[in-house]
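Numbering (our numbering), first residue to last: 1 to 182.
Ideal placement from N, C-alpha and C gives every residue a C-beta, glycine not left out.
Predicted model, so just to flag it, every value in this text is computed and none were measured.
Working notes for the structure below.
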Amino acid sequence: SDVYKRQVQDELKLTEKEAINKLKGLGVNIKLVTGDDKDTALALSQKVGLIQGEEVRSDSIRDVIEADKYMQLAGAVRGLDGQYKFLKQKQAIVISSNLKILGRADPEIKQAFVTSLQSAGYVVAVCAEGANDRLSIQAADVGITMGMSEEQITSDSSDIVALQNNLNSIVKSVLYLSLIHI
């Protein structure tokens, strides 16, 4: 896991922190939902400025939890169609709305997280790049594939394909879209 953390940290672009600050300034509520464990996700999030060290309470429903705890708290059960349903819909909405980082999430849990936010009235955009993100990209109001994905399935499921694999592409898209809606 330490080797992976070093690789992720080495690949970060200096512009990522600036892009996250710009998105926050534009009113975008950024959440990290990942298959990585919460400690790796937390370290990455702190490095790029997604969250500040003093903001984080690990294992709280306000900040950082792993998928199994999220699904337990939300009363999630898998339906006959293979998709998760929340028995505690109101609790799922509160947790999803307040959560900053969700670790160890498989594709179906990512999809359930997206639909929970949508049921709370949020417009959800998902930025991703792998085939395991296809379900959440399809469920999102706006699905964005980052970079030229090797996974054609992911690109085909997306509404937008950002040719550059960095958050500055997202900042430019949000700014452009805000001009269209004025």
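Between residue 42 and residue 171, the C-beta spacing is not below 8 Å. Closest option to residue 177, judged by alpha-carbon separation, among 125, 156, 132 and 17: 125. In the three-state reduction of the DSSP assignment, residue 30 falls in the coil class, being assigned neither a helical nor a strand state. From the listed residues 174, 144 and 175, the smallest Cα separation to residue 163 is found for 144.
Counted as a single uninterrupted DSSP element, the alpha helix (DSSP H) harbouring residue 25 occupies residues 15–25.
Look at the region 40–109 and you find these whole runs of beta strand (DSSP E), each 3 residues long or longer: 64–66, 76–78, 84–86 and 101–103. Across the structure, residue 107 and residue 91 are spaced so that their CA atoms are roughly 21 Å apart.
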